[in-house]
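Student: First the structure, which I've put down as structure tokens, then a few questions once you've had a look.
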Amino acid sequence: MLKIYNTISRKTEEFQTLEPNLVKMYVCGVTVYNDAHVGHAMSALVFDIIRRYLEYRGYTVKHVMNYTDVDDKIINRAKQLGEDPLKLSQRYINDYASDLKSLNVLPATANPQVSQTMPLIIKFIEGLIQKEHAYAASNGDVYFRVTSDPDYGRLSNRKLDDMQAGARIEVGEAKDHPMDFALWKAAKEGEISWDSPWGKGRPGWHIECSAMNLAELGEQIDIHGGGNDLIFPHHENEIAQSESYTGKEFSRYWVHNGMLQLGGEKMSKSLGNIVSIKEFLSTRSADVMRMLVLNGTYRAPLLFNDETLAAAEKNVERLKSALRPASSTAKGLAADAVSTLASAAESAKTNLIEAMDSDFNTAGAVAALFELSKAINTARDNGATNEQLGLAQASFKELAGVLGLKLEEKQGSSDQDAQVNALIVERTEARKQKQWARSDEIRDQLKEMGVAIEDSKDGTTWRWG
RNA sequence: GGCGUCGUGGCCAAGUGGUAAGGCGAGGGUCUGCAAAAUCCUUAUUCACGGGUUCAAAUCCCGUCGACGCCUCCA
Numbered sequence: 008m009l010k011i012y013n014t015i016s017r018k019t020e021e022f023q024t025l026e027p028n029l030v031k032m033y034v035c036g037v038t039v040y041n042d043a044h045v046g047h048a049m050s051a052l053v054f055d056i057i058r059r060y061l062e063y064r065g066y067t068v069k070h071v072m073n074y075t076d077v078d079d080k081i082i083n084r085a086k087q088l089g090e091d092p093l094k095l096s097q098r099y100i101n102d103y104a105s106d107l108k109s110l111n112v113l114p115a116t117a118n119p120q121v122s123q124t125m126p127l128i129i130k131f132i133e134g135l136i137q138k139e140h141a142y143a144a145s146n147g148d149v150y151f152r153v154t155s156d157p158d159y160g161r162l163s164n165r166k167l168d169d170m171q172a173g174a175r176i177e178v179g180e181a182k183d184h185p186m187d188f189a190l191w192k193a194a195k196e197g198e199i200s201w202d203s204p205w206g207k208g209r210p211g212w213h214i215e216c217s218a219m220n221l222a223e224l225g226e227q228i229d230i231h232g233g234g235n236d237l238i239f240p241h242h243e244n245e246i247a248q249s250e251s252y253t254g255k256e257f258s259r260y261w262v263h264n265g266m267l268q269l270g271g272e273k274m275s276k277s278l279g280n281i282v283s284i285k286e287f288l289s290t291r292s293a294d295v296m297r298m299l300v301l302n303g304t305y306r307a308p309l310l311f312n313d314e315t316l317a318a319a320e321k322n323v324e325r326l327k328s329a330l331r332p333a334s335s336t337a338k339g340l341a342a343d344a345v346s347t348l349a350s351a352a353e354s355a356k357t358n359l360i361e362a363m364d365s366d367f368n369t370a371g372a373v374a375a376l377f378e379l380s381k382a383i384n385t386a387r388d389n390g391a392t393n394e395q396l397g398l399a400q401a402s403f404k405e406l407a408g409v410l411g412l413k414l415e416e417k418q419g420s421s422d423q424d425a426q427v428n429a430l431i432v433e434r435t436e437a438r439k440q441k442q443w444a445r446s447d448e449i450r451d452q453l454k455e456m457g458v459a460i461e462d463s464k465d466g467t468t469w470r471w472g
């Protein structure tokens, strides 16, 4: 039985879907005006892992991730670059999509964009005005009336009175209540805008997600996800809008990932302590980024530093070792050793499911993979044939795949491979002659080229990496 | 100040009432010409601190200290 921590109840709850075997999951995507960073990658990976696991458990997952392509920051940046804002955002949408692909994140089943949801957004706002949850202000903005929602604040566990007490909240002149938030913003001179019953303008930040949810998944969804920095005000306001509009519970489970930490602080565009996904992938593999996430707890802050990265890198290498072929001189395993390996594969599966069922305990799931890789490697060391290893390796690969790990060895071109093979032949000859200096020289040369070699009784094997 | 998450070995991190998974690092062994990889052994009588409940607590309760996030755009 899968259990998920639900932000709104602050409890771990049994997971039950609205419809049998179907999960409707909406995850807040990014505002596209700049290169995405590894913090965004963390969030994308967390929900990719959740989605993969749900699918592994037999659910069909409708996974919606939106793009915010209309926003102040986009407008500002477009102005700086002298570029059309929608062109700019489209450029970064394509960019982010390719980042996600590089990270082996499965494409969402839908990727709605604000700019393409205008009619529904306007209709949504009109509905809220009709139900007196919103009002058009004198300045051309439309605001949501927070006092019209008796539950307002229940996701983030805040009370309107407490929030008002904060000195940082200034009462907008046009607002009836300081916490009222914009559904529609009147356009400033020369800004990109859309026609609406309230004049030219554009949507506020929160309404887009309510509208796109409705468009893609309907009135009620199973999982709503995003970074925990979105709990307030974004998700709080989404709930207020959607539930005021439909009169129904919006999302059953609210799932929030913790923030990636660089130097003890949240990585964010505004703090400037950023490593972009592209920078990361120029030196390390997608599996390493994913392993970093898997090693942690999705809800907790994730430490991004040399030590945690080095560990993740080693972990990936270690898992890869389980997939290596049998020794060419393997004599075969005795029956009892074969069944030991088979039961190791069985318990790895059981343990992985048990861990993941417990609020996506990925660290526990990875531990199950380590146990199995050890069993496989031991079997190989004891002379297992490829056939004997095959079954365990297949389940190992399947389980790693549930977590989204590819565990592929790097490939070289055939020219490069030929060059390496020639050097290996030369080195083998040198070793036969006990010319250790020459042998080690070639090994160093290969290392420079990015080739790791292993000598054993039955010869030398090598691989890129 | 308010809300929330959390504080487990050198580091990352499971474990939420019955006596500390896993990984990285470190030390030692097997293997090797030497390495590398793999594998084996060792590495927390103890879970921020102080009280309390209990036959029994890292796990529950109270308090203290500390970290991080949100309260303003943010994955």
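Quick note on the working numbering: the first sequence kicks off at 8 and runs consecutively. Where is the CB? At the ideal position from N, CA and C, for every residue including glycine.
Going by Cα to Cα distance, which pick from HIS140, GLU415, GLY46 is closest to SER251?
Tutor: HIS140
Student: For the putative contact between LEU309 and VAL295, defined by C-beta atoms under 8 Å, what is the C-beta separation to the nearest angstrom?
Tutor: Contact doesn't hold; Cβ gap of about 13 Å is too wide.
Student: Grouping DSSP H, G and I as helix and E and B as strand, with all else coil, what is ALA459?
Tutor: strand
Student: Check TRP201 in the structure and name its three-state DSSP category.
Tutor: strand
Student: Considering only C-alpha positions, which residue in the set LYS18, LEU93, GLU433, GLY211 is nearest to LEU453?
Tutor: GLU433
Student: Given this structure, state the Cα-to-Cα distance separating ALA174 from GLN227, to the nearest angstrom.
Tutor: Residue placement at ALA174 cannot be trusted, given a pLDDT of 42 that sits under 50; what the coordinates show is reported in the next sentence. If I take the Cα positions, the gap works out to 36 Å.
Student: From what residue to what residue does the beta strand (DSSP E) around ARG259 run?
Tutor: 258-264
Student: What are the residues that DSSP puts in a beta bridge with ASN13?
Tutor: LYS18
Student: Quick check on THR1: does DSSP put it in helix, strand or coil?
Tutor: With the chain covering only 8 through 472, there is no way to say anything about residue 1.
Student: Are the beta-carbon atoms of TYR260 and ASP236 separated by less than 8 Å?
Tutor: Contact flag unset, no.
Student: For ARG306 and GLY265, which I take to be in contact (beta-carbon distance under 8 Å), what is that distance rounded to the nearest angstrom?
Tutor: Yes, ARG306 and GLY265 are in contact; Cβ-Cβ is about 5 Å, under 8 Å.
Student: Using a threshold of 8 Å, state whether the C-beta atoms of TYR159 and ALA247 are closer than that.
Tutor: yes
Student: Exposed or buried, which one is THR38 when buried takes at least 16 other CB atoms within 10 Å?
Tutor: buried
Student: Once the 5 residues before and after ASP366 are set aside, which same chain residues still bring their CB inside 7 Å of it?
Tutor: LYS10, ILE11, TYR12, THR19
Student: Quick check: the Cα distance between ASP168 and HIS241, rounded to an integer number of angstroms?
Tutor: 19 Å
Student: Could you tell me the distance, in whole angstroms, from the CA atom of LYS166 to the CA atom of ASP156?
Tutor: 12 Å
Student: By Cβ distance, which residues of its chain are closer than 7 Å to GLU62, with the 5 residues on each side in sequence left out?
Tutor: VAL68
Student: Any idea what DSSP makes of GLY270, helix, strand or coil?
Tutor: coil
Student: Residue ranges of each alpha helix (DSSP H) run of no fewer than 4 residues wholly in the segment 329-382, ordered along the chain?
Tutor: The qualifying runs are 342-364.
Student: Please report the distance separating the alpha-carbon of ILE15 from that of LEU25.
Tutor: 17 Å
Student: How big is the Cα-Cα spacing for LYS192 and GLN87?
Tutor: Their Cα atoms are separated by approximately 21 Å.
Student: At a cut of 8 Å, does the segment 196-216 reach the segment 114-129 through at least three beta carbon pairs?
Tutor: yes
Student: Under a Cβ-count criterion, where at least 16 other Cβ atoms within 10 Å of its own Cβ denotes burial, should ALA341 be classed as buried or exposed?
Tutor: exposed
Student: In whole angstroms, give me the CA-to-CA distance for ILE176 and MET363.
Tutor: With a pLDDT of 46 at ILE176, under the threshold of 50, the predicted position of this residue should be treated as unreliable, though the coordinate-derived value follows. Looking at the two C-alpha atoms, the distance is approximately 41 Å.
Student: Flag this pair as touching only if the segment 28-37 and the segment 52-66 have three or more C-beta atom pairs under 8 Å; answer yes or no.
Tutor: yes
Student: Can you give the Cα-Cα distance for VAL149 and ALA194, rounded to whole angstroms?
Tutor: 12 Å
Student: Reducing DSSP to helix, strand and coil, say where VAL112 ends up.
Tutor: coil
Student: Could you give the DSSP three-state label for TYR4: helix, strand or coil?
Tutor: This structure gives no information on residue 4, because the portion of the chain shown stretches from 8 to 472.
Student: Can the beta-carbon of LEU95 be found less than 8 Å from the beta-carbon of ALA104?
Tutor: no
Student: Within 10 angstroms of the Cβ of SER215, are there 16 or more other Cβ atoms? Answer buried if so, exposed if not.
Tutor: This sequence places Glu at residue 215; Ser is not what is there. Result: buried.
Student: Figure out for me which residue from GLN440, ARG325, ARG470 has the closest Cα to the Cα of ASN428.
Tutor: ARG470
Student: So, is ASP313 buried or exposed, given that buried needs 16 or more other C-beta atoms within 10 angstroms?
Tutor: exposed
Student: Using a threshold of 8 Å, state whether the C-beta atoms of LYS413 and ASN111 are closer than that.
Tutor: yes
Student: Which of the three DSSP states, helix, strand or coil, is assigned to VAL153?
Tutor: helix
Student: Select from SER292, GLY208, ASP76 the residue whose C-alpha is nearest the C-alpha of ILE129.
Tutor: GLY208
Student: Would you mind giving the Cβ-Cβ distance between LEU288 and ALA407, rounded to the nearest angstrom? I have them listed as a contact below 8 Å.
Tutor: At roughly 19 Å, the Cβ-Cβ gap does not stay under 8 Å, so LEU288 and ALA407 are not in contact.
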